[in-house]
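Those letters in the sequence shown? Residues 448 to 926, by the working numbering. Glycine is no exception: its CB is placed at the ideal position from the N, C-alpha and C atoms. Quick caveat, the model's predicted, so the values are computed rather than measured. Each remark here refers to the structure printed beneath this line.
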Amino acid sequence: MGICQHLDGLCQWRHQKWLILFAALFELLWFGGYHYGYNALVYPYKQLGVFAHMCNVTNQDCELQERMFHWAFIVWVVTQMCLITVTGILMDRVGLRVVKIIASFMYFAGTLMFAFVSAETGEMLFVAGILVALSTTSTLICNHQISSMFPKYRGLAISLMSGAFDSSTIVTFIISRTAEKIPLRISFLFIACCGLIFGILMALFGLTQWAPDMSRKVWTSSRRAQVEFTKGMVITENNEENTDAKPNVKGHIQRILESRYTSLSRCICSWPFFLVTIWFMFGLLRFSYFLNQMGQQLTFMFGDDVDTINELRAVSSALLMCGLVISPISGVVLDVSRAVFNRKIQSKLQETKSETSCVDEVYWIHLRAIAPAFLLMAVAAITFSLLNFVKTKPAFFVGFIFFVILRSLLFSASVNFVLIAFPQRYFGTLNGLVNTVGGIFSLLQYGMLELSPVSGNSLAVGIAVVLFVPPIIIFVKRH
Numbered sequence: 448m449g450i451c452q453h454l455d456g457l458c459q460w461r462h463q464k465w466l467i468l469f470a471a472l473f474e475l476l477w478f479g480g481y482h483y484g485y486n487a488l489v490y491p492y493k494q495l496g497v498f499a500h501m502c503n504v505t506n507q508d509c510e511l512q513e514r515m516f517h518w519a520f521i522v523w524v525v526t527q528m529c530l531i532t533v534t535g536i537l538m539d540r541v542g543l544r545v546v547k548i549i550a551s552f553m554y555f556a557g558t559l560m561f562a563f564v565s566a567e568t569g570e571m572l573f574v575a576g577i578l579v580a581l582s583t584t585s586t587l588i589c590n591h592q593i594s595s596m597f598p599k600y601r602g603l604a605i606s607l608m609s610g611a612f613d614s615s616t617i618v619t620f621i622i623s624r625t626a627e628k629i630p631l632r633i634s635f636l637f638i639a640c641c642g643l644i645f646g647i648l649m650a651l652f653g654l655t656q657w658a659p660d661m662s663r664k665v666w667t668s669s670r671r672a673q674v675e676f677t678k679g680m681v682i683t684e685n686n687e688e689n690t691d692a693k694p695n696v697k698g699h700i701q702r703i704l705e706s707r708y709t710s711l712s713r714c715i716c717s718w719p720f721f722l723v724t725i726w727f728m729f730g731l732l733r734f735s736y737f738l739n740q741m742g743q744q745l746t747f748m749f750g751d752d753v754d755t756i757n758e759l760r761a762v763s764s765a766l767l768m769c770g771l772v773i774s775p776i777s778g779v780v781l782d783v784s785r786a787v788f789n790r791k792i793q794s795k796l797q798e799t800k801s802e803t804s805c806v807d808e809v810y811w812i813h814l815r816a817i818a819p820a821f822l823l824m825a826v827a828a829i830t831f832s833l834l835n836f837v838k839t840k841p842a843f844f845v846g847f848i849f850f851v852i853l854r855s856l857l858f859s860a861s862v863n864f865v866l867i868a869f870p871q872r873y874f875g876t877l878n879g880l881v882n883t884v885g886g887i888f889s890l891l892q893y894g895m896l897e898l899s900p901v902s903g904n905s906l907a908v909g910i911a912v913v914l915f916v917p918p919i920i921i922f923v924k925r926h
């Protein structure tokens with residue numbers, strides 16, 4: 448424990464938070480969720496003969512071989528979402544640093560397996576993807592805690608990191624384009640070694656042992672540290688008393704959270720947890736169904752026009768790599784909304800003589816800071832769901848842009864909601880549970896993929912409509 452405390456306070460450079468944020472973005476971009484760009488790896492692996500035994504010698508376009516790659520991807524994502532709760536529990540019980548080191552070794556092992564996948568070891572692709580998917584998502588959750596070092600811009604910091612994670616599909620894009628000159632094995636071996644080294648360095652020097660301590664790594668230009676606790680406590684320099692007449696919103700919110708949620712079970716059985724879980728369940732189902740339905744959807748829209756379909760696939764792949772560019776939009780929405788509702792809480796506290804007389808109302812005003820992001824994602828979901836019925840290229844382009852916006856908001860808004868709605872010591876477990884329930888619910892896409900395009904798109908519109916329910920309840924609920 449002494450070593451952990453020593454590492455926590457090892458570096459006290461005034462600008463260290465910017466260096467740590469940049470390092471986190473770099474890690475998530477180049478050693479993040481590259482498995483989401485699996486489509487780019489299908490052709491190179493086919494050239495190596497992976498799953499070729501599924502085909503006849505005379506069959507050049509083997510549907511079963513193609514399906515094996517898609518099944519592998521679905522297994523990766525579903526397993527990742529179902530097991531991520533374990534990561535959350537470990538994060539709350541043994542700390543950020545330990546989880547990050549474990550994730551780094553899992554990433555190394557999984558990427559190493561990708562390097563040695565061949566015609567004889569094709570089934571190893573399933574295990575490799577599971578390890579990479581679970582490890583990179585664990586890394587993302589750990590790195591999200593860096594946002595505590597930017598209390599005023601936490602939403603933007605989380606969105607940037609989520610955007611960098613989304614953009615990591617550029618790794619598989621580069622690997623596939625250079626596969627003829629640089630063998631897949633060499634590329635993946637290089638990424639595995641670099642990812643392991645970078646991950647361990649981030650664990651030792653970028654993260655603290657416990658999530659609530661991340662805010663203590665913020666230091667001012669003076670020799671004395673001005674520490675801002677995300678729990679709402681503010682320690683001023685020279686231990687002077689705060690004589691500001693304005694109410695301490697952070698401190699008041701923290702007291703509400705601590706009195707409202709005295710145990711993990713009370714968090715799980717609460718309205719806010721139910722609402723964020725429902726919103727994430729249907730949002731993830733809409734997100735994953737669109738990805739897996741894309742081939743069917745393009746055929747529905749453009750029939751046998753292979754040139755147009757290939758062009759749209761290429762454009763969609765490029766847009767998926769633009770998550771880091773689009774992510775500031777969701778970050779700004781989250782931070783501006785939080786600032787607006789914090790002012791409303793401040794006004795409410797100034798109007799009320801007793802803090803205890805408006806506890807519930809203040810708490811729900813606090814939660815409304817995330818509701819606009821929830822609502823914006825619902826609008827994005829319903830828009831691109833309706834555009835799926837329009838068989839034109841412009842409609843597909845516009846719809847896909849709204850899909851990228853949905854992806855950006857889905858993960859950043861859910862993380863922000865869990866961070867502000869509950870005590871931070873329960874964040875890992877609660878965030879993991881939300882993801883696990885969403886992952887299990889997303890298995891419904893198996894049945895939806897058997898529907899015709901029109902039926903599937905109609906059901907998708909219904910899913911998008913459900914996304915409006917949680918933000919509306921948050922806006923109107925007061926007690």
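For F869, name the three-state secondary structure that DSSP assigns. Stepping through the sequence shown from its first residue, residue 869 is reached at position 422. Looking at F869 - three-state DSSP - the assignment turns out to be coil, as it is neither helix nor strand.
Check your understanding: Is it the case that the Cβ atoms of T568 and G480 are separated by a distance below 9 Å?
Key -> Start at 1 with the first residue of the sequence shown, and residue 568 comes out as number 121. Start at 1 with the first residue of the sequence shown, and residue 480 comes out as number 33. Not a contact, by the Cβ cut-off of 9 Å.
Exercise. Output the boundary residues of the alpha helix (DSSP H) element that contains R733.
Key: Counting from one through the sequence shown, the residue named residue 733 turns up at place 286. R733 -> alpha helix (DSSP H) spans W718 to F749.
query = Which runs of the alpha helix (DSSP H) spanning at least 4 residues fall entirely within the segment 586-623, listed in chain order?
reply = 601-613
Can you give the Cα-Cα distance for L766 and A842, rounded to whole angstroms?
Here residue 766 refers to the residue found at position 319 when the sequence shown is read from its first residue. Here residue 842 refers to the residue found at position 395 when the sequence shown is read from its first residue. If I take the Cα positions, the gap works out to 15 Å.
For the alpha helix (DSSP H) containing M940, list its first residue and its last residue. Given that the chain is displayed from residue 448 to residue 926, the structure contains no residue 940 and the question cannot be resolved.
Item to complete: Pick helix, strand or coil for I852, following the three-state DSSP scheme.
Response: As a working mapping, residue 852 is identified with position 405 in the sequence shown. Three-state result, I852: helix.
- Task: Taking only the alpha-carbon atoms, compute the straight-line gap between A933 and A566 and give it to the nearest angstrom.
- Result: Lying outside 448 to 926, the shown extent of the chain, residue 933 is not represented and no answer is given.
Is H462 helix, strand or coil by DSSP?
-> In the sequence shown, residue 462 corresponds to position 15, counting from 1. The answer is coil: DSSP assigns H462 none of H, G, I, E or B.
* Given a threshold of 16 other Cβ atoms within 10 Å of its Cβ, counted over all protein chains shown, does I919 qualify as buried or as exposed? -> Residue numbering aside, residue 919 sits at position 472 when the sequence shown is read from its first letter. It counts as exposed.
Q.
Let's test the definition: count the other Cβ atoms within 10 Å of the Cβ of R514 and tell me whether it reaches 16, buried, or not, exposed.
A. By one-based count along the sequence shown, residue 514 stands at place 67. Its Cβ having fewer than 16 others within 10 Å, R514 is exposed.
Legend entry - Three-state class that DSSP yields for G480 in the structure shown: In the sequence shown, counting from the first residue as 1, residue 480 sits at position 33. G480: coil per DSSP, three-state reduction.
| message | Helix, strand or coil, according to DSSP, for T883 in the structure here? | response | Numbered from its first residue, the sequence shown carries residue 883 at position 436. Looking at T883 - three-state DSSP - the assignment turns out to be helix.
- Task: Tell me whether D751 is buried or exposed, calling it buried when 16 or more other Cβ atoms sit within 10 Å of its Cβ.
- Result: Here residue 751 refers to the residue found at position 304 of the sequence shown. D751 comes out exposed.
Check this for me: beta carbons of L861 and F729, under 9 Å apart or not? Indexing the sequence shown from 1 puts residue 861 at position 414. Indexing the sequence shown from 1 puts residue 729 at position 282. One detail in the question is off: residue 861 reads as Ser in this sequence, not Leu. Cβ distance not < 9 Å, so S861 and F729 don't count as in contact.
- What did DSSP end up calling S669 once you bin it into helix, strand or coil? Numbered from 1 along the sequence shown, position 222 holds the residue referred to as residue 669. Only weak support is given to the placement of S669: the predicted model assigns it a pLDDT of 36, under 50, and the value that follows is read from those uncertain coordinates. Three-state result, S669: coil.
Quiz item: Of all the options M748, G770 and E758, which has the alpha carbon lying nearest to the alpha carbon of N835?
Solution: By 1-based counting over the sequence shown, the position of residue 835 is 388. Cα-wise, what sits closest to N835 is M748.
query: Under three-state DSSP, which class holds Q701?
result: Here residue 701 corresponds to residue number 254 of the sequence shown, with the count starting at 1. Reduced to three states, the DSSP call for Q701 is helix.
Practice item. Could you please give the first and the last residue of the uninterrupted alpha helix (DSSP H) stretch that includes N486? Key: Within the sequence shown, the letter at position 39 stands for residue 486. Unbroken alpha helix (DSSP H) run through N486: N486 to Q494.
Residues in the same chain with beta-carbon distance under 6 Å from L475, minus the five sequence neighbours each way, listed in chain order, please. In the sequence shown, counting from the first residue as 1, residue 475 sits at position 28. Closer than 6 Å at Cβ, skipping near neighbours: M608, A611 and F612.
Can you give me the Cβ contacts of T709 inside the same chain, cut-off strictly under 6 Å, excluding the 5 residues immediately before and after it? The residue you call residue 709 lines up with position 262 of the sequence shown. Around T709: no qualifying Cβ.
Using C-beta distances below 6 Å, list every residue in its chain close to L603, excluding the 5 sequence neighbours before and after it, in chain order.
Position 156 of the sequence shown, counted from the start, is the residue given in the question as residue 603. G778 and D782, listed in sequence order.
Outcome for I644 when other beta-carbon atoms lying within 10 angstroms are tallied against a minimum of 16: As a first step, residue 644 is located in the sequence shown; it is residue number 197 there, counting from the start. When all chains shown are included, I644 counts as exposed.
Suppose you measure from the CA of G409 to the CA of R540; what does that come to, to the nearest Å? Look at the range of the chain in this structure, 448 to 926, and you will see that residue 409 is not part of it.
Exercise. Measure the Cβ-Cβ separation of G576 and Y492 and say whether it is below 9 Å.
Key: For the purposes of this step, residue 576 is identified with residue 129 of the sequence shown, where counting begins at 1. For the purposes of this step, residue 492 is identified with residue 45 of the sequence shown, where counting begins at 1. No.
**Pairwise C-alpha distance: V533 and Q871** = Taking the first residue of the sequence shown as 1, we reach residue 871 at position 424. Taking the first residue of the sequence shown as 1, we reach residue 533 at position 86. Cα-Cα distance, rounded: 17 Å.
Report task. Within the same chain, show all residues whose beta-carbon is closer than 6 Å to that of R925, passing over the 5 residues directly before and after it, in chain order. Result -> Numbered from 1 along the sequence shown, position 478 holds the residue referred to as residue 925. Within the same chain, R925 has close Cβ partners E808 and W811.
*asked:* Here's the rule: buried if 16 or more other CB atoms are within 10 angstroms of the residue's CB, otherwise exposed. What is V579?
replied: Here residue 579 corresponds to residue number 132 of the sequence shown, with the count starting at 1. It is buried - the Cβ of V579 has at least 16 other Cβ atoms within 10 Å.
When you compare only the Cα positions, how much space is there between I700 and V806? Counted from its first residue, the sequence shown places residue 700 at position 253. Counted from its first residue, the sequence shown places residue 806 at position 359. Near 9 Å, if we compare the C-alpha coordinates of V806 and I700.
- Is any heavy atom of the ligand ATP found at a distance shorter than 8 Å from the C-beta of G569? Only the bare structure without any ligand can be found here, which leaves the ligand ATP out of the picture.
Count the other C-beta atoms from every protein chain shown that fall within 10 angstroms of the C-beta of L466, then say buried if there are 16 or more, exposed otherwise. By one-based count along the sequence shown, residue 466 stands at place 19. So L466 counts as exposed.
Discussion item. Between which two residues does the alpha helix (DSSP H) holding N789 run?
Written reply: By 1-based counting over the sequence shown, the position of residue 789 is 342. Residues G770 to E798.
| request: Let me know if K464 comes out buried or exposed under the rule of 16 or more other beta-carbons within 10 Å of its beta-carbon. | output: The residue labelled residue 464 in the question sits at position 17 within the sequence shown. Looking at its Cβ environment, which holds 16 or more other Cβ atoms inside 10 Å, K464 is buried.
Quick check on DSSP: helix, strand or coil for Y554?
Here residue 554 corresponds to residue number 107 of the sequence shown, with the count starting at 1. Helix.
**Prompt:** Between T655 and M661, what straight-line distance do the alpha-carbon atoms span, to the nearest angstrom?
**Reply:** Start at 1 with the first residue of the sequence shown, and residue 655 comes out as number 208. Start at 1 with the first residue of the sequence shown, and residue 661 comes out as number 214. About 6 Å.
Checklist line | Residues near A825 in its chain [Cβ-Cβ closer than 7 Å; skip 5 each side] | finding: Along the sequence shown, read from residue 1 onward, the residue named residue 825 stands at position 378. For A825, where only same-chain residues beyond five positions count, the Cβ hits under 7 Å are A911, L914, F915 and P918.
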